[in-house]
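Taken in order, the first sequence gives residues 0 to 597; the numbers are from numbering that gives the first Met the number 0.
For glycine and all other residues, C-beta sits at the position ideal for the given N, C-alpha and C.
Just so it is clear, the structure is predicted and the values come from calculations on it, not from any experiment.
Some notes on the structure that comes next.
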Amino acid sequence: MTLARGLGSAGPGPRGDAMSLSSELRAVILGRIEAMVAGGDLPAGLDPAAVTVEPPRDAGHGDMATNAAMVLARPAGLAPRALAEAMARALAADPRIAAAEVAGPGFINLRLRPWVWQGVVGDVLAGGRDWGRSGLGAGRRVNVEFVSANPTGPMHVGHARGAVFGDALARLLAFAGWEVTREYYINDGGAQVDVLARSAYERYREAHGLSPEIAEGLYPGDYLIAVGEALVARFGASLLDRPEAEWLAPVRATATAMMMDQIREDLGRLGVRMDVFFSEKSLYGTGRIEAALARLRDLGLLYEGVLDPPRGKTPEDWEPREQTLFRSTLHGDDVDRPVRKSDGGWTYFAPDIAYHFDKLERGFDLLVDVLGADHGGYVRRLKAVVAALSEGRVALDVKLVQLVRLTRGGQPVKMSKRAGTFVTLREVVDEVGPDVARFVMLTRKNDVALDFDFDRVLEQSKDNPVFYVQYAHARIASLLRKAAEAGMAVTDAALAGADLALLDHESELALARRLAEWPRLVEVAARAHEPHRVAFYLYDLASEFHAHWTRGNEDTRLRFLEGGAIAAAARIALARAVAVVISAGLAILGVTPAEEMR
RNA sequence: GACCCCGUAGCUCAGCAGGAUAGAGCAUCAGAUUCCUAAUCUGAGGGUCGCGCGUUCAAGUCGCGCCGGGGUCGCCA
0 MTLARGLGSA GPGPRGDAMS LSSELRAVIL GRIEAMVAGG DLPAGLDPAA VTVEPPRDAG
60 HGDMATNAAM VLARPAGLAP RALAEAMARA LAADPRIAAA EVAGPGFINL RLRPWVWQGV
120 VGDVLAGGRD WGRSGLGAGR RVNVEFVSAN PTGPMHVGHA RGAVFGDALA RLLAFAGWEV
180 TREYYINDGG AQVDVLARSA YERYREAHGL SPEIAEGLYP GDYLIAVGEA LVARFGASLL
240 DRPEAEWLAP VRATATAMMM DQIREDLGRL GVRMDVFFSE KSLYGTGRIE AALARLRDLG
300 LLYEGVLDPP RGKTPEDWEP REQTLFRSTL HGDDVDRPVR KSDGGWTYFA PDIAYHFDKL
360 ERGFDLLVDV LGADHGGYVR RLKAVVAALS EGRVALDVKL VQLVRLTRGG QPVKMSKRAG
420 TFVTLREVVD EVGPDVARFV MLTRKNDVAL DFDFDRVLEQ SKDNPVFYVQ YAHARIASLL
480 RKAAEAGMAV TDAALAGADL ALLDHESELA LARRLAEWPR LVEVAARAHE PHRVAFYLYD
540 LASEFHAHWT RGNEDTRLRF LEGGAIAAAA RIALARAVAV VISAGLAILG VTPAEEMR
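As structure tokens, then:
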């Protein structure tokens, strides 16, 4: 087969980069513009930044559309349609372009030759799961901080969503060329781990046969019984009847370590692995908070002052107080923020400043914090910290993750308050499995609430996007098994050698066009920090495939295994390409592709 | 009172650096199976994109102001 590698004419880059068709055509268009400038048909100095090339919403408008003439017409002092006509004539000379037509207010609609789409199939088979990797990140370093659940108990479903989102975002950014560090901030330095220690101490007493006194404010959860037993195993009776000052630190250390072990294990079951666990405690008594604040002071952003009371609803016990304040208002915050409590201790915000300072010192080019939506009020001040300490060089993107509403058969799942626990992450993963849990949690944008129905997510029907996408992949796997049984060579290398020009049916080309969207989708999703886009794309791709499959019922030409070995090889190559992209997409979501449905 | 998020078909939600006649699933109705998995597919009906101004050649998308829902609001993390 002498099919030109349409998209891959430049070949996959050293890191497997495959330029998206859109950006390749955009380059062609910019080239034409330059040529027109050189030829005096356009004035120099035009800014092409706003020129886009994208598949039109309406397929009837062609394969690709560009707004180039419309955005350049005014600065060039030309009529949009006239400019579009001239550009269309120039573009029609490109070998990939079958037709360039002007439409509407000045769009140029491009129709591409079939071999471009057929070439995509070959490119996918050559690139494998790396096809669609982007150089967008250009090797820059991004830190994605997520989960960061307090080590005071088991993780619940809300944490699961943050974990899945953060992990998928990390995978997406890596696929888009970023060097990614996944990080978990352990809140082990504040009062809440002291509460954990006191709660665990009661369980320790209980393990010695004494009756525990779970006072108001302590954690009542049964999960601390095991911690009590572990404390006995480790310290025997040596901590009994001793003052808190003696046992607090060792009990706290044991309890938090055990909680973190559990958290790590739960994350592991979800398929989430962290690169760094950063201890808040490590910031105290080490001069690191002081260093970060000193930096702020050097920048003139720290001062002693008195805040105005919150307007509207003034707390009863509010009284003016001089505090150490961070002038966050200079970096977009509404009010300046205190870093020291009236008792002289640090506010929660102080270690956060030090923590983000530490991230900056580690040289990241971009920071992402994934937080629960209830932390929305902290976004401004965190951004202010990063803007101030990096002096505007590093951006912080805060992704807020909304809550998960658990239901079963449409009825809300009751939380077990008596045991002091919510529905845990582990319970969810044990019941539905990591793949289902992950996929479902990525079928919504991060900032909208998610309904998670235990019955629905396990349903094997098209109502369930997890199943629907998996089924498409499994159908293709089944196809390849059958082809292999029939003696066909079904390795990607063998399939890439098929005569792809035989894929000339509109239904086949439509599938290939959908595949061609993948590299661009990766970039769009990565740029927006929105992994859910991948899930929606996979659904669309699966839908296209299922539709194509069913067309084979009426049109036998479309059946993958019929029509002779040569034609079958081309069609199986197409199917395999679909499977490759599905599995690449699922890999970003952290979901294992299914080889068969059961 | 201030700030953040949300408001798109009866329901649940997409809508990609603003782009052409706003999409999908569910639900409703009508169809497709001697044939690679019908666990699927095809078609129909269904919309003042919460409301109003503004910016733009072009606004669901950007800005401002309202309305409705949720969240947060100095010494808790």
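query	result
Start-to-end residues for the alpha helix (DSSP H) that takes in Q261	E243 to R268
Cβ pair L457, V431 closer than 8 Å	yes
Sheet register partners of P411 (DSSP bridge)	T406
Rounded separation between V101 and S460 - CA only	43 Å
Element boundaries [beta strand (DSSP E), containing G371]	L365 to G371
Given 8 Å, three or more beta-carbon pairs between the segment 370-381 and the segment 179-188	no
Status (buried if at least 16 other CB within 10 Å, exposed otherwise) for V226	buried
Extent of the continuous alpha helix (DSSP H) run through F453	F453 to L457
Complete alpha helix (DSSP H) runs within the segment 569-596 (minimum length 4 residues, chain order)	none
Per-residue DSSP class, three states only, for R132	coil
Three-way DSSP call (helix, strand, coil) for A91 in this model	coil
N186 beta carbon less than 8 Å from that of E279	yes
Coil, strand or helix - R107 by DSSP	The question names Arg, but residue 107 in the sequence shown is Ile. It is a strand residue.
Exposure label - P308; buried when at least 16 CB within 10 Å	exposed
Pairwise C-alpha distance: M259 and G589	22 Å
Ranges of the alpha helix (DSSP H) found wholly within the segment 145-229, counting only runs of at least 4	156-174 and 190-206
Proximity test, L499 beta-carbon vs the ligand ATP heavy atom, cut-off 7 Å	Inclusion of the ligand ATP in the displayed structure is not the case, the ligand content being empty and no account of it being possible.
Limits of the unbroken beta strand (DSSP E) element including T51	T51 -> no beta strand (DSSP E), and no H or E assigned at all.
R30 classed as buried or exposed, judged by whether at least 16 other C-beta atoms fall within 10 angstroms	Here the sequence assigns Gly to residue 30, which means Arg is not the residue at that position. With fewer than 16 other Cβ atoms within 10 Å, it is exposed.
Nearest neighbour of E553, chosen from A593, S506, S22 and V489 [CA to CA]	S506
8 Å Cβ shell around A162 - same chain, five flanking residues per side excluded	F145, V146, M154, L266, L269, V271 and L424
Nearest-angstrom Cα separation, counted from G284 out to L292	14 Å
Spatial neighbours of V468 in its chain, beta-carbon cut-off 7 Å, leaving aside the 5 residues before and after	L537, Y538, A541 and I581
C-alpha distance - V194 paired with L209, whole-angstrom precision	20 Å
E321, DSSP secondary structure in three states	strand
Enclosing alpha helix (DSSP H) for V427 [first to last residue]	L424 to V431
Where S19 falls: helix, strand or coil (DSSP)	coil
Contact between the segment 229-241 and the segment 382-389 (3+ Cβ pairs under 8 Å)	no
Beta-carbon gap between L329 and P337 smaller than 8 Å	no
Close beta carbons around W517, own chain, < 6 Å, minus the five adjacent residues each side	G131 and V580
Segment contact, 8 Å Cβ cut-off, at least three pairs: the segment 522-531 with the segment 557-570	no
Close-in-space but distant-in-sequence residues of the same chain around A476 (CB under 6 Å, 5 per side omitted)	E594
Bridge-paired residues (DSSP) for M63	L109
Reduced DSSP secondary structure (H/G/I, E/B, other) of F276	strand
Residues that DSSP places opposite V337 in a beta bridge	A small correction: the amino acid at residue 337 is Pro; Val does not occupy that position in the sequence shown. Its beta-bridge partners are L324.
Beta-carbon proximity of A64 to P74, cut-off 8 Å	no
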